[in-house]
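Data first, discussion second: the structure below is written as structure tokens.
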Amino acid sequence: MAEEMRIVLRNYGKVDPLNIDSYTQVGGYQALAKAKSMSQTDLIEEVKKSGLRGRGGAGFNTGMKWSFSYGVKADQKYVICNADEGEPGTYKDRIIMENDPQSVLEGMAICGYAIGANKGYIYCRGEYPYVVEILNKAIAQASEKGLLGDFNIEVRMGAGAYVCGEESALIESIEGHRGEPRFKPPFPPVIGLWGKPTIVNNVETFANIPAIVDKGADWYKGIGAAGYPGTKVMTLTGDIVNRTVIEVPTNTTIRQVLDDFGGGITGGKKFKAVQIGGTSGGFIPESLLDTPIDFDSMSAIGATLGSGAFFVMDETRDIVDVIDRISKFFAHESCGKCTPCREGTQRMHEMLHRVKNGGAVAGDLDYMERLGSVMSKACLCGLGQAAPAPVLTTLKHFRNDYTAKFN
Amino acid sequence: MADYREIISAYKEVPGGIIEAYHAVQKEYSYIPEDAVVYAAQVFDIPEAKAYGVATFYSYLKVGPRGKNVIRICESAPCHIAGADKVVAALEKELGIKMGETTPDGKFTLEFAECVGQCQATPVITINSQPYGDVTADKIAAILTEYK
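Residue numbers (this note's numbering), protein chains in the order written: chain A, 1153 to 1559; chain B, 21 to 168.
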């Protein structure tokens, strides 16, 4: 029986999110003090050595990212917390911010010290106005007590654009523009918000930081899978008995998440598929359930860990119907800046709709595979690149569901 | 009701503050009046086309009138398989309007949304951003009485 391990959610249910004293009573802000007693390079090295990789989905080494901004001389640098969580099936960042906002602020302040930034932004999704209130109260309390030092944090509200989870689109949005991704390079750690070096990390990534600084890189590196150490917060949704949030070491298998934490399938039905990483994630069949959830193991089976959303479908679910719905999501959310995504998501949705309604022929599936393959390579940002993943993985593992729709 | 000019002007000095200004206007009016977009262009010293482009890019913002209470229904995959379509049908029946429409008395607007981050309790609706989870068709009438 696999067990939970709470690092990010270490204070879940233990602290009052609206009372900073309850955070300091459990050792809060000691990590920031410790970080400040270290040199910036030693601190970045420690984070790098821990092996922490970004928890927003891209999985880049966090300390490495910080070192890029540290290495640039600039009169102003920024730290941005990506709290735009718009991936259907995902609500982990909301849980973290609602229950333990100070750990996120502390993580941001540590990053600010490391790279030499005195200004931070939390870009919180517009659908969470109540979380914005919690964050603002938490910031006010931390500032009042002088715990953040000269590091200032401001909350900005997203406004319902999924693409703004992409870091350069998010930066465009904070600058007051349409949230369209930038061409890269240059990357934000070098040229980011208002042209200044900017670190954009996910809420969960920042919440890990105080624990890593507190207990050291070696402790963290020893948890979970070697290539993607630590834990992952997962949100369980769909046809699963326990629709809940869990935090598990990254060497936990998909089957353990499903059975040990999720309690299996609802209504005693059989498993059909699980989509991991949110709506852009791959669909995983029964035969691959013993795969560990870590980033690299998931990539090896053509899937993603992504945001950690775990969306389960039982044997009665119509895969094509679900994919049709997902393709509509991407057609709606494509920002339109690059052609492969703007046109590709529309055409993909049209084709899927045709398949679903019995108007397709065998050759259409090949067209969909070809279009998906082009999009995954040619689109400007992660939205378009990942959009075909649900289609491609279901064509691979659940092709019969498609052909059953042919007249 | 506060004048949108006052609301927008308060954000003049905030770098990139136009989106925050739009949020503030929408909080007061439940939408962004067309004239407010024109005014925002002046305050932030950008072309009207750009001010309009920003306002319409984001699905949480709405230019042009809508009802006092905005009901949004998530139709993403987790809500979809949990029966969001039945909730949609119940809302349309209860309010006598279709998705995207506003009731004649201006009290309610029905809109689709893509995920509101409450996937532990699908299907989900939000009313003025307040989430209601595990919604079923027969719960709709009771939920709406709070707003009537």
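C-beta atoms are modelled at their ideal positions from N, C-alpha and C, and glycine is treated no differently.
Interface residues of chain A facing residue i [CB-CB closer than 8 angstroms]
i	result
Gly-84 (chain B)	In chain order: nothing, as chain A lies at least about 16 angstroms away.
8 angstroms Cβ cutoff, residue i in contact with chain A
i	result
Leu-81 (chain B)	yes
Val-136 (chain B)	yes
Ser-149 (chain B)	yes
Gly-73 (chain B)	yes
Glu-40 (chain B)	yes
Phe-64 (chain B)	yes
8 angstroms Cβ cutoff, residue i in contact with chain B
i	result
Phe-1413 (chain A)	no
Phe-1550 (chain A)	no
Ile-1478 (chain A)	yes
Pro-1253 (chain A)	no
Gly-1241 (chain A)	yes
Glu-1250 (chain A)	no
Met-1465 (chain A)	yes
Arg-1395 (chain A)	yes
Arg-1469 (chain A)	yes
His-1501 (chain A)	no
Arg-1494 (chain A)	no
Gly-1246 (chain A)	Note that residue 1246 (chain A) corresponds to Arg in the displayed sequence, not to Gly. For Arg-1246 (chain A), the answer is yes, since a Cβ of chain B falls inside 8 angstroms of its Cβ.
Val-1474 (chain A)	yes
According to DSSP, residues forming a beta bridge with residue i
i	result
Ala-1401 (chain A)	Note that residue 1401 (chain A) is Pro in the sequence shown, not Ala. Bridge partners of Pro-1401 (chain A): A:Thr-1383.
Gly-1317 (chain A)	The partner list for Gly-1317 (chain A) (beta bridge, DSSP) is empty, contrary to what the question assumes.
Phe-132 (chain B)	B:Ile-93
Pro-1444 (chain A)	A:Thr-1405
Tyr-1230 (chain A)	A:Lys-1271 and A:Thr-1350
Asp-1466 (chain A)	A:Phe-1423
Phe-1435 (chain A)	A:Gln-1427
Tyr-152 (chain B)	B:Ile-145
Met-1309 (chain A)	A:Cys-1276
Ala-1461 (chain A)	A:Thr-1387
Ala-1530 (chain A)	According to DSSP, Ala-1530 (chain A) bridges with nothing at all.
Ala-1377 (chain A)	A:Tyr-1380
Thr-122 (chain B)	B:Thr-129
Arg-1494 (chain A)	Arg-1494 (chain A) pairs with nothing; no bridge assigned.
Asn-1213 (chain A)	A:Arg-1205
Selection from the options that minimises the alpha carbon distance to residue i
i	options	result
Gln-138 (chain B)	A:Ala-1266, A:Lys-1244 and A:Asn-1251	A:Lys-1244
Ile-1267 (chain A)	A:Ala-1514, A:Ile-1351, A:Met-1465 and A:Leu-1410	A:Ile-1351
Asn-1251 (chain A)	A:Asn-1163, A:Phe-1481, A:Gln-1228 and A:Phe-1447	A:Asn-1163
Ser-1221 (chain A)	A:Ala-1269, A:Asn-1213, A:Ser-1189 and A:Lys-1367	A:Ala-1269
Val-83 (chain B)	B:Cys-99, B:Arg-92 and B:Val-57	B:Val-57
Ala-1556 (chain A)	A:Val-1507, A:Leu-1532 and A:Ala-1452	A:Val-1507
Val-1472 (chain A)	B:Thr-165, B:Val-107 and B:Ile-101	B:Ile-101
Gln-1537 (chain A)	A:Val-1543, A:Lys-1367, A:Val-1283 and A:Met-1527	A:Met-1527
Ile-1428 (chain A)	A:Lys-1336, A:Gly-1460 and A:Ala-1514	A:Gly-1460
Gly-1328 (chain A)	B:His-43, B:Tyr-49 and B:Tyr-167	B:His-43
Lys-1336 (chain A)	A:Arg-1522, A:Ala-1539, A:Leu-1532 and A:Asp-1370	A:Leu-1532
Lys-1424 (chain A)	A:Thr-1431, A:Glu-1438 and A:Phe-1303	A:Glu-1438
Val-1426 (chain A)	B:Val-136, B:Ala-97 and B:Lys-118	B:Ala-97
Gly-1259 (chain A)	A:Asn-1559, A:Val-1231 and A:Glu-1237	A:Val-1231
Ser-1295 (chain A)	A:Phe-1482, A:Gly-1496 and A:Tyr-1181	A:Tyr-1181
Cys-94 (chain B)	B:Glu-131, B:Ile-66 and B:Ala-110	B:Glu-131
Lys-1421 (chain A)	A:Pro-1401, A:Thr-1404, A:Thr-1396 and A:Gly-1390	A:Gly-1390
Lys-168 (chain B)	B:Ala-109, B:Phe-77 and B:Ile-91	B:Ile-91
Neighbour list for residue i in chain A, Cβ cutoff strictly below 9 angstroms
i	result
Tyr-78 (chain B)	Gly-1278, Gly-1310, Ala-1311, Gly-1312, Ala-1313, Cys-1316, Ser-1325, Arg-1330 and Gly-1331
Ile-52 (chain B)	In chain order: nothing, as chain A lies at least about 11 angstroms away.
Closer than 9 angstroms at the beta carbon, the chain B residues around residue i
i	result
Pro-1540 (chain A)	Going along chain B, no residue has its Cβ under 9 angstroms from Pro-1540 (chain A), so there is no contact; the nearest lies around 15 angstroms.
Phe-1212 (chain A)	What Phe-1212 (chain A) touches in chain B: nothing, since even the nearest Cβ is about 24 angstroms away.
Residue i: contacting residues in chain A (beta-carbon distance under 7 angstroms)
i	result
Gly-36 (chain B)	Ile-1326, Glu-1327 and Gly-1328
Thr-142 (chain B)	Thr-1389
Under 8 angstroms by beta carbon: chain B residues contacting residue i
i	result
His-1505 (chain A)	What His-1505 (chain A) touches in chain B: nothing, since even the nearest Cβ is about 14 angstroms away.
Glu-1156 (chain A)	Per Cβ cutoff of 8 angstroms: no residues; Glu-1156 (chain A) is ~16 angstroms from chain B at best.
Glu-1565 (chain A)	Any answer about residue 1565 (chain A) is impossible in this case: the structure gives chain A only from 1153 up to 1559.
Proximal chain B residues relative to residue i, where beta-carbon distance stays under 7 angstroms
i	result
Phe-1481 (chain A)	Ser-96 and Glu-134
Glu-1237 (chain A)	Gly-137
Practice problem: Could you name the residues of the stretch 92-110 of chain B whose beta carbon sits closer than 9 angstroms to any beta carbon of chain A, in the order they occur along the chain? | Solution: Arg-92, Cys-94, Glu-95, Ser-96, Ala-97, Pro-98, Cys-99, His-100, Ile-101 and Ala-102
Practice problem: Scan the stretch 1314-1337 of chain A for residues whose Cβ lies nearer than 7 angstroms to a Cβ of chain B and list them as they occur along the chain. | Solution: Tyr-1314, Ser-1325, Ile-1326, Glu-1327, Gly-1328, His-1329, Arg-1330 and Gly-1331
Self-check item: Contact residues within the stretch 1266-1293 of chain A, judged by C-beta distance below 8 angstroms to chain B
Solution: So the close ones are Arg-1277, Gly-1278, Glu-1279, Tyr-1280, Pro-1281 and Tyr-1282.
Practice problem: Could you run through the stretch 1413-1442 of chain A and flag, in chain order, every residue whose CB is less than 8 angstroms away from some CB of chain B? | Solution: Gln-1427 and Thr-1431
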